[in-house]
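Protein chains: 2
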Amino acid sequence: MEHVTFPPLSRLAICGGTHGNEMSGVYMVREMQKQKEDLAGSVSIITVLSNPRSVEACKRYIDQDLNRCFTDALLSAPITDSSPFELRRAQELNNQLGPKGSEEAVDLLCDLHNTTSNMGMCLIFYSIDPVTLHIYKYIQSKMTTPVRAIQLSIPHSEAYSLESVGKRGFAVEVGPQPNSVVRADIFNMVKEAVDLTKEWLERFNSGVTFEGGEVEAYAPVKIVDYPRDPATNEITAAIHPQLQDSDFMLLQPGDPTFLSFSGETVKHEGEALYPFFVNECAYYEKKIAFHLGKKITLTFPSISVKKD
Amino acid sequence: MEHVTFPPLSRLAICGGTHGNEMSGVYMVREMQKQKEDLAGSVSIITVLSNPRSVEACKRYIDQDLNRCFTDALLSAPITDSSPFELRRAQELNNQLGPKGSEEAVDLLCDLHNTTSNMGMCLIFYSIDPVTLHIYKYIQSKMTTPVRAIQLSIPHSEAYSLESVGKRGFAVEVGPQPNSVVRADIFNMVKEAVDLTKEWLERFNSGVTFEGGEVEAYAPVKIVDYPRDPATNEITAAIHPQLQDSDFMLLQPGDPTFLSFSGETVKHEGEALYPFFVNECAYYEKKIAFHLGKKITLTFPSISVKKD
Chain A
460 MEHVTFPPLS RLAICGGTHG NEMSGVYMVR EMQKQKEDLA GSVSIITVLS
510 NPRSVEACKR YIDQDLNRCF TDALLSAPIT DSSPFELRRA QELNNQLGPK
560 GSEEAVDLLC DLHNTTSNMG MCLIFYSIDP VTLHIYKYIQ SKMTTPVRAI
610 QLSIPHSEAY SLESVGKRGF AVEVGPQPNS VVRADIFNMV KEAVDLTKEW
660 LERFNSGVTF EGGEVEAYAP VKIVDYPRDP ATNEITAAIH PQLQDSDFML
710 LQPGDPTFLS FSGETVKHEG EALYPFFVNE CAYYEKKIAF HLGKKITLTF
760 PSISVKKD
Chain B
460 MEHVTFPPLS RLAICGGTHG NEMSGVYMVR EMQKQKEDLA GSVSIITVLS
510 NPRSVEACKR YIDQDLNRCF TDALLSAPIT DSSPFELRRA QELNNQLGPK
560 GSEEAVDLLC DLHNTTSNMG MCLIFYSIDP VTLHIYKYIQ SKMTTPVRAI
610 QLSIPHSEAY SLESVGKRGF AVEVGPQPNS VVRADIFNMV KEAVDLTKEW
660 LERFNSGVTF EGGEVEAYAP VKIVDYPRDP ATNEITAAIH PQLQDSDFML
710 LQPGDPTFLS FSGETVKHEG EALYPFFVNE CAYYEKKIAF HLGKKITLTF
760 PSISVKKD
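Chains as they are written, first to last, in this note's numbering: chain A, 460 to 767; chain B, 460 to 767.
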């Protein structure tokens with residue numbers, strides 16, 4: 460069976476407030492800074508409030524969505540006086556935690572997010588890097604609530620979110636939680652995932668061998684927008700009560716998806732797929748009522764730290 | 460037993476979007492306008508999007524909270540170029556639906572709100588006017604989910620919210636729903652309450668006698684703020700998981716109220732009271748983690764329409 464070794468994973472970045480109104484990450488990062496949690500055994504920890512101006516304003520962003528600014532093209536775009544705040548901030552973060560794709564980048568970047576969708580604890584990552592998959596498996600095996608993952612198939616140069624700046628990374632997406640609100644149950648789930656990530660890195664660096672295996676994840680297939688009034692572009696229906704809060708529950712052809720404000724039901728057409736980000740607040744403006752994806756299986760080799 | 464008669468209740472105002480990011484009322488008012496629902500038997504219905512600029516921006520308010528602008532003092536304040544938008548809008552609404560305290564005011568004003576708190580269907584009113592109490596009792600008897608009410612003891616001149624502009628009125632406060640999100644289950648509860656209100660008014664005007672009786676309600680006693688860092692004023696704890704989502708469940712001395720981000724529990728001190736507006740998003744800035752109130756019983760006489 461395949462076995463892979465990696466150098467020690469000594470630099471971990473924990474980021475929160477990439478969206479300024481997703482409060483778990485904001486309070487998690489502030490608490491870690493207050494507790495001066497900058498070392499966990501062999502791992503040095505960098506904590507970052509990614510978008511301090513949007514945190515201050517308690518808004519998702521000031522000029523544009525920071526978490527869409529980390530493509531190679533945007534990270535190398537010239538900065539002028541009229542550049543959006545978030546573009547400048549993305550380049551600062553890339554200098555601090557990357558540069559993206561370089562040997563100087565942090566070994567692992569965890570970016571803490573919330574969603575209004577009932578997604579529970581969900582990791583989102585691009586790569587199928589063995590370290591990331593092992594950490595996902597580890598968190599899943601230790602937490603008592605379901606832990607799921609979404610894998611985005613996007614080339615590294617076009618990867619747009621903050622975690623792509625690290626050598627590897629993932630977003631921790633936890634819900635349901637309203638924007639601008641902090642719930643203790645959601646905060647505690649985020650804290651547990653962060654603590655388990657630190658624990659795994661310490662164990663890895665100390666020489667533990669983690670056996671190979673496989674994990675399930677979801678791969679996006681398409682997005683579905685709300686029914687809208689063609690004249691005004693206003694939505695004319697809400698997510699149907701049967702789909703609301705049913706993230707990751709298989710949606711079959713004929714299952715209800717929307718209930719219009721005048722009482723008509725819209726049904727799912729096409730193949731059976733898994734919905735997620737169902738009724739996420741920030742996606743109204745992106746014209747996404749929910750994502751649909753398929754279930755995939757990811758395999759990973761046995762790994763251990765490379766000895767000198 | 461006491462019996463009271465009233466002239467026909469022929470003018471009903473349904474208002475939504477008083478807070479621009481509380482979506483049930485926004486979509487309810489738009490749908491009623493689309494369906495041209497301006498008449499229900501003997502009742503003429505005025506539908507109003509109270510704060511169109513904040514609805515457009517999908518924010519609670521532009522300059523200041525509109526639903527604190529309806530005191531006699533603010534409604535008669537001189538308007539200048541530098542007046543907050545909401546002060547001007549409050550006076551417009553007072554002209555359209557009031558004037559407050561006058562014979563020209565609408566007979567009943569229902570203002571549709573949402574909360575991030577788990578308050579279910581809750582009416583909020585100042586007066587213990589028999590018509591309001593009868594409608595509350597009627598909605599409570601017809602809906603399958605719990606219907607509660609909060610009664611505010613504030614003199615009419617100092618009553619600050621929109622429903623005080625009608626001859627009588629109440630706010631319909633429904634949750635939990637995140638700001639800027641519409642949930643079909645919550646929308647349907649609001650629609651049911653509006654439909655039952657119209658139905659009651661029609662029946663009243665048609666000559667039905669409604670028997671006297673009593674209803675329970677909650678009266679605010681005090682507010683509790685989050686624990687805060689004295690240096691930064693930032694909150695240092697979230698609502699405890701045991702109190703979160705437990706609105707209207709009696710809070711006993713010693714019951715947990717907060718869980719700090721470092722893991723310490725804060726407990727309730729003082730008398731047993733009923734919490735509500737627990738973890739309401741908009742109240743972080745008002746320094747309110749939750750309200751505490753006592754249960755009261757309100758009695759009302761038998762009523763019928765005054766015959767010519």
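C-beta: ideal position from N, C-alpha, C; glycine also.
Chain A contact for residue i (CB, 9 Å cutoff)
i, result
"residue 512 of chain B", "no"
"residue 509 of chain B", "no"
"residue 575 of chain B", "yes"
"residue 631 of chain B", "no"
"residue 558 of chain B", "no"
"residue 541 of chain B", "no"
"residue 640 of chain B", "yes"
"residue 474 of chain B", "no"
"residue 693 of chain B", "yes"
"residue 740 of chain B", "yes"
"residue 494 of chain B", "yes"
"residue 589 of chain B", "no"
Any C-beta of chain B under 9 Å from that of residue i
i, result
"residue 643 of chain A", "yes"
"residue 487 of chain A", "yes"
"residue 703 of chain A", "yes"
"residue 520 of chain A", "no"
"residue 700 of chain A", "yes"
"residue 526 of chain A", "no"
"residue 689 of chain A", "no"
"residue 523 of chain A", "no"
"residue 490 of chain A", "yes"
"residue 614 of chain A", "no"
"residue 734 of chain A", "no"
"residue 637 of chain A", "yes"
"residue 743 of chain A", "yes"
Residue j beta carbon less than 9 Å from that of residue i
i, j, result
"residue 655 of chain A", "residue 602 of chain A", "yes"
"residue 525 of chain A", "residue 548 of chain A", "yes"
"residue 749 of chain A", "residue 694 of chain A", "no"
"residue 642 of chain A", "residue 554 of chain B", "no"
"residue 632 of chain B", "residue 572 of chain B", "yes"
"residue 476 of chain B", "residue 535 of chain B", "no"
"residue 615 of chain B", "residue 559 of chain B", "yes"
"residue 637 of chain A", "residue 517 of chain A", "no"
"residue 677 of chain A", "residue 752 of chain A", "yes"
"residue 702 of chain B", "residue 714 of chain B", "yes"
"residue 609 of chain B", "residue 583 of chain B", "yes"
"residue 522 of chain A", "residue 537 of chain A", "no"
"residue 717 of chain A", "residue 578 of chain A", "no"
"residue 757 of chain B", "residue 675 of chain B", "yes"
"residue 467 of chain B", "residue 657 of chain B", "no"
"residue 663 of chain B", "residue 487 of chain A", "no"
Counted within 10 angstroms of its Cβ, other Cβ atoms place residue i as buried (16 or more) or exposed
i, result
"residue 687 of chain B", "exposed"
"residue 472 of chain A", "buried"
"residue 645 of chain A", "buried"
"residue 635 of chain B", "buried"
"residue 709 of chain A", "exposed"
"residue 550 of chain A", "buried"
"residue 510 of chain B", "buried"
"residue 680 of chain B", "exposed"
"residue 539 of chain A", "exposed"
"residue 463 of chain A", "exposed"
Where residue i meets chain C, residues with beta-carbon distance less than 9 Å
i, result
"residue 646 of chain A", "The structure shown contains no chain C; the protein chains it does contain are A and B."
Limits of the beta strand (DSSP E) - the one that residue i falls within
i, result
"residue 610 of chain A", "606–610"
"residue 463 of chain A", "462–465"
Extent of the continuous alpha helix (DSSP H) to which residue i belongs
i, result
"residue 509 of chain B", "Neither: residue 509 of chain B is in no alpha helix (DSSP H) and is coded neither H nor E."
"residue 595 of chain B", "589–601"
"residue 578 of chain A", "Where residue 578 of chain A is concerned, there is no enclosing alpha helix (DSSP H), given that its DSSP letter is neither H nor E."
"residue 484 of chain B", "482–493"
"residue 698 of chain A", "Premise fails: residue 698 of chain A lies in the beta strand (DSSP E), 696–698, not in any alpha helix (DSSP H)."
For the pair the stretch 546–566 of chain A and the stretch 612–626 of chain A, tell me if three or more CB-CB distances fall below 8 Å. yes
Determine contact between the stretch 479–486 of chain B and the stretch 612–623 of chain A, defined as no fewer than three beta-carbon pairs at a distance below 8 Å. no
Check whether the stretch 755–762 of chain A touches the stretch 661–679 of chain A, counting contact only when three or more Cβ pairs, one atom from each stretch, lie closer than 8 Å. yes
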